[in-house]
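One structure is given below, encoded as structure tokens.
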């Protein structure tokens, strides 16, 4: 029964996070200049999708765990949502790496020959 409550709580948490990430995406994506800002925008948008995905995963898991009988369809939906959301986590992280780890400029003055 406790897992039922935790799943509902986690779903609410991720829905709140989605709202915060929508706000951040609106700010980041208003007028991105250059590759780094475009990647930051992409990370925010992918983060929104990921947050909704985790909410869907936890809600489907709650439907499975809170039922009187085992609900295999809800369990299956939770598993599928988990896989899809995990893939969107990769998109979020990839964009964040591009935004946070810009390529260094080639500076000929620092090279020793």
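In the numbering used here, the protein residues as written are 6 to 118. Each residue gets a CB set at the ideal place from its N, CA and C atoms; glycine is no exception.
Counting only runs that start and end inside the region 23 to 104, there is no beta strand (DSSP E) element of at least 3 residues. Leaving aside the five residues that flank residue 50 on each side, the residues in its chain whose CB is nearer than 6 Å to its CB run, in chain order, 30. Your pair residue 67 and residue 23 does not check out as a contact, with CB atoms roughly 17 Å apart and the cut at 8 Å. In chain order, 48 place their CB closer than 6 Å to the CB of residue 101, counting only its own chain and leaving out the 5 sequence neighbours on each side. In terms of Cβ geometry, residue 65 and residue 86 form a close pair [threshold 8 Å].
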